[in-house]
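With my numbering applied, the sequence shown covers 545 to 811. Note that the Cβ used here is the ideal one computed from N, Cα and C, for glycine as well. The structure under discussion appears below in the form of structure tokens.
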Amino acid sequence: MLFDSHCHLHFRQFDNDREEIIKKLRDFNIGVINIGTDLEESEKAVELAKKHPDFMWASVGLHPNDNLKENFDIDKYRKLAKNESVVAIGECGFDRIRSLETDYAVRQKEIFIKQIKLAKELNKPLVLHCRPSVSTQDAYEDAINIIENFLPTGDPPKGEKFNGVAHFFSGSKETAKKFLDLGFYISFAGPITFAPEYKEIVEFVPLNRILVETDAPFAAPAPYRGKRNEPAYVEFVARKIAEWKGLDFEEVAQHTAENTKKLFQIK
């Protein structure tokens, strides 16, 4: 089994052939997590997952680039998140490429904290979106600094457990280690198939902490670069990881699927 841990199959880019793609996923035994980016899209993600409970789930949240178009109504998100198909909160976090204006930056932090609190309240993992500004780790550093404030303290630690996944990871080895130390997983996407600079970080992250994703319809892997991405293309991400780690593809597919199920508490 393969598992696309992060896609947007409910987005309009799939309106013309969504059912065909879903049939392919079922035939190829590929699990899917549909990720919400605002309340409306989160509702769509949940509705689609409810129609296919055997291999599809959802996450609900407010993307950092969408934080000025709606107020984060935590009661509405809480109600939606209690649906059986919802396995995570997010995607949420910091985007320092598209959201440099002061209003965006301030609200990103406020809304990120609200979603962390909701994830802890509902005992669900966090889907983390962090895109740093050029040649920095700023978005990751901001997220890590906040997450650390919400971890259980004491010896032994007391309080709700809290973890998640750093989706579409593009950070440094040092940043990856910080996330691993926090109990987070690292998710790799299509760019690793055509960007050799990812090799060091893929080799560094242990297989039992790796997820694979497409972020479809965006960021298609080679050989489909520049075209619309789709969940089935997660195979190419897993194959590149297998190549760089010197493992069989089947082993990577199995372990990353197991990791996804473990993180999102999917039985």
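C-beta atoms of residue i and residue j nearer than 9 Å
i: ASP619; j: GLY575; result: no
i: THR758; j: GLU774; result: yes
i: GLN809; j: VAL590; result: no
i: HIS711; j: LEU672; result: yes
i: PHE728; j: ILE691; result: yes
i: PRO597; j: LEU807; result: no
i: LYS789; j: VAL746; result: yes
i: CYS674; j: ALA663; result: no
C-alpha gap between residue i and residue j, whole angstroms
i: CYS551; j: THR697; result: 34 Å
i: PRO676; j: GLU614; result: 23 Å
i: LEU583; j: PHE762; result: 20 Å
i: ASP639; j: PHE572; result: 34 Å
i: THR719; j: ASN689; result: 12 Å
i: GLY637; j: VAL778; result: 23 Å
i: ALA801; j: LYS784; result: 16 Å
i: ILE577; j: SER586; result: 12 Å
i: ASP792; j: HIS799; result: 11 Å
i: ASP725; j: LYS717; result: 12 Å
i: LYS623; j: LYS661; result: 14 Å
i: MET600; j: VAL678; result: 35 Å
i: PHE706; j: GLU794; result: 30 Å
Cβ neighbour criterion (16 or more within 10 Å) applied to residue i
i: GLY708; result: buried
i: LYS588; result: buried
i: GLY812; result: The structure shown has nothing for residue 812, since the chain only spans 545 to 811.
i: ASP686; result: buried
i: VAL749; result: buried
i: PRO767; result: exposed
i: ARG753; result: buried
i: VAL781; result: buried
Cross-strand partners of residue i (DSSP beta bridge)
i: VAL604; result: ILE633
i: PHE547; result: GLY575
i: LEU726; result: Answer is none; LEU726 lacks a bridge partner.
i: ASP639; result: ARG675
i: GLY715; result: GLY715 is not bridged to any residue.
i: PHE732; result: VAL756
Heavy atom of the ligand FMN within 8 Å of residue i beta-carbon
i: ILE633; result: In the structure shown, the ligand FMN is absent, as is every other ligand, since no ligand is present at all.
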